[in-house]
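Asker:
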Amino acid sequence: MYISTSNRKHAWQDYTLIVPTVSVGNVGQLAADLVISTLWMERVGFILHPSLLPCVGNNPFAHEDATSCKMTTCCEVYESTSTQVVVIQQRAPFVKGRRKEYAQWLSAWIKEHNFYQVAILTSTFAQERLDHQLVGSPFRILKSPAMEARSGEFFKTKMDLQDLESRVSFPAPSRTQQEPNLTNPESKLLYMPGSGIAKMLFEDCQSLPVLVLMMFVSEGDNAGDGLAIADQLNQWLNLITIKKEANKELQSHHVATGIMKWKIPMSWKLVFGSKFDQKLYQ
Numbered sequence: 012m013y014i015s016t017s018n019r020k021h022a023w024q025d026y027t028l029i030v031p032t033v034s035v036g037n038v039g040q041l042a043a044d045l046v047i048s049t050l051w052m053e054r055v056g057f058i059l060h061p062s063l064l065p066c067v068g069n070n071p072f073a074h075e076d077a078t079s080c081k082m083t084t085c086c087e088v089y090e091s092t093s094t095q096v097v098v099i100q101q102r103a104p105f106v107k108g109r110r111k112e113y114a115q116w117l118s119a120w121i122k123e124h125n126f127y128q129v130a131i132l133t134s135t136f137a138q139e140r141l142d143h144q145l146v147g148s149p150f151r152i153l154k155s156p157a158m159e160a161r162s163g164e165f166f167k168t169k170m171d172l173q174d175l176e177s178r179v180s181f182p183a184p185s186r187t188q189q190e191p192n193l194t195n196p197e198s199k200l201l202y203m204p205g206s207g208i209a210k211m212l213f214e215d216c217q218s219l220p221v222l223v224l225m226m227f228v229s230e231g232d233n234a235g236d237g238l239a240i241a242d243q244l245n246q247w248l249n250l251i252t253i254k255k256e257a258n259k260e261l262q263s264h265h266v267a268t269g270i271m272k273w274k275i276p277m278s279w280k281l282v283f284g285s286k287f288d289q290k291l292y293q
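Converting from the sequence shown to the working numbering requires adding 11 to each position, the first position being numbered 1.
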C-alpha cells in the first residue's frame with residue numbers, strides 16, 4: 012500500500028522512476044542515497060507492504076546542523092520536481108518467501124502511475140561471471156523493447172554499455188544437445204544471481220520503457236560501487252552538472268569530491284560503526 016504524505020495528486024507521467032533493488036552489497040540503494048541526498052529530494056510517500064520487514068530509524072539525510080528529527084521507515088518514495096525524478100528507497104529485507112508478492116504489487120503500482128521511463132539499479136555476484144566477463148566494464152544493462160526503441164543507440168554509442176549475456180537454461184543440456192539449444196532463444200535465460208527482484212520487475216514491466224543497470228560486485232565496502240553506478244546513471248539522466256577540476260591535488264581524493272560532486276549522506280559515516288577512542292592507544 013502506498014501512503015502519500017499530502018493530499019496532492021501525483022502527476023508523474025513525465026518523470027523517471029529509479030528503483031534500487033536489495034542486492035549484492037546494496038549497490039543500488041547506495042546509489043539511490045546519493046541521488047536523494049544530492050538533489051535534496053522531498054519525501055512524498057511511504058510504501059507499507061506485508062512482504063517488507065518493518066524498521067524505523069532517524070533521518071539518514073539529516074545534516075550536521077539539523078535540529079529536528081524526522082523518522083524513516085522500511086520503504087519510502089522521494090520526488091524531485093526540478094529534475095522530474097522519483098526514487099523508491101527500500102531499507103528493509105523481505106519476509107522469507109514473499110518477495111514475489113511484493114514484486115507483483117510494485118509492478119502494478121509502476122504501471123498505474125504511468126512513468127515516462129523506469130531505471131532499475133541492481134548488482135550481481137562478481138564470482139558468477141563468465142570468462143569473457145572478467146575483463147572490460149563491470150556494468151551490464153537490460154532494455155525493454157520500448158526502451159530499446161527510445162534510447163538503445165544512446166546506451167551503445169554514447170555510454171558504451173553492454174547488454175547482459177544470456178545463458179543456457181538449467182539443467183545444462185548434454186553435449187549432443189548443446190548446439191541446437193544454443194540457437195534456440197527459448198533455451199536461454201537471464202542469469203542474475205544476487206540481484207533481488209530486478210529480474211521479476213523487468214519481466215513484469217516489458218510494456219514500459221525499462222532499463223536495468225547492473226554491476227558485478229562482491230560484498231564488502233561497496234561505497235565506491237554505489238558511486239560508480241550513480242555516475243553511470245548520471246551520464247544518462249544528467250541529474251547533476253559535471254564540473255571539471257583543474258587542481259591536480261584532487262585526483263587522489265575520493266571520487267565523490269572530484270568531478271561528479273555527489274553529496275555523501277551523513278548516515279554513510281556510521282556504516283562501520285563509531286571510530287575507536289584514540290586514548291586506548293596512549
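Yeah, the Cβ is synthetic: ideal placement off N, Cα and C, and Gly gets one too.
Short of 6 Å in beta carbon distance, which residues of its chain neighbour Gln10, apart from the five on each side in sequence? Order them along the chain.
Answerer: This structure cannot speak to residue 10, because the chain is shown only from 12 to 293.
Asker: Who are the near neighbours of Ile99 in its chain, counting only those whose CB is closer than 6 Å to its CB and skipping five residues on each side?
Answerer: By 1-based counting over the sequence shown, the position of residue 99 is 88. Excluding sequence neighbours, Ile99 sits near Val30 and Val88.
Asker: With 16 other CB atoms within 10 Å as the buried threshold, where does Tyr292 fall?
Answerer: Within the sequence shown, the letter at position 281 stands for residue 292. By the C-beta density criterion, Tyr292 is exposed, having fewer than 16 other C-beta atoms within 10 angstroms.
Asker: Quick one, are the C-beta atoms of Tyr127 and Trp247 less than 9 Å apart?
Answerer: Here residue 127 corresponds to residue number 116 of the sequence shown, with the count starting at 1. Here residue 247 corresponds to residue number 236 of the sequence shown, with the count starting at 1. No.
Asker: Tell me, which residues are paired with Tyr13 by DSSP?
Answerer: Counted from its first residue, the sequence shown places residue 13 at position 2. Ile58, per the DSSP bridge assignment.
Asker: Looking only at DSSP bridge pairs, what is Tyr89 linked to?
Answerer: The residue given as residue 89 occupies position 78 in the sequence shown. Answer by DSSP bridge pairing, in chain order: Arg54 and Val98.
Asker: So for Met170, helix, strand or coil by DSSP?
Answerer: In the sequence shown, residue 170 corresponds to position 159, counting from 1. Looking at Met170 - three-state DSSP - the assignment turns out to be coil, as it is neither helix nor strand.
Asker: From this set, Thr252, Val96, Phe227 and Asn69, which residue's C-alpha is nearest Val146's C-alpha?
Answerer: Taking the first residue of the sequence shown as position 1, residue 146 is located at position 135. If we check each option's Cα against that of Val146, Phe227 comes out closest.
Asker: At 4 residues or longer, what runs of the alpha helix (DSSP H) sit wholly inside the region 95 to 151?
Answerer: Here the runs fully enclosed are 110 to 124.
Asker: Just how far apart, CA to CA, sit Phe213 and His60?
Answerer: The sequence position of residue 213 within the sequence shown is 202, counting from 1. The sequence position of residue 60 within the sequence shown is 49, counting from 1. Taking the straight line from one Cα to the other gives about 20 Å.
Asker: In this structure, how does DSSP classify Thr49 when only helix, strand and coil are distinguished?
Answerer: Here residue 49 refers to the residue found at position 38 of the sequence shown. Helix, per DSSP.
Asker: So the candidates are Thr84, Ala234, Thr27 and Gly207; which of them puts its Cα closest to the Cα of Ile14?
Answerer: Here residue 14 refers to the residue found at position 3 when the sequence shown is read from its first residue. Closest option to Ile14, Cα to Cα, is Thr84.
Asker: Measure the alpha-carbon distance for Glu123 versus Leu117 and round it to whole angstroms.
Answerer: Mapped onto the sequence shown, residue 123 falls at position 112. Mapped onto the sequence shown, residue 117 falls at position 106. The straight-line gap from Cα to Cα measures roughly 10 Å.
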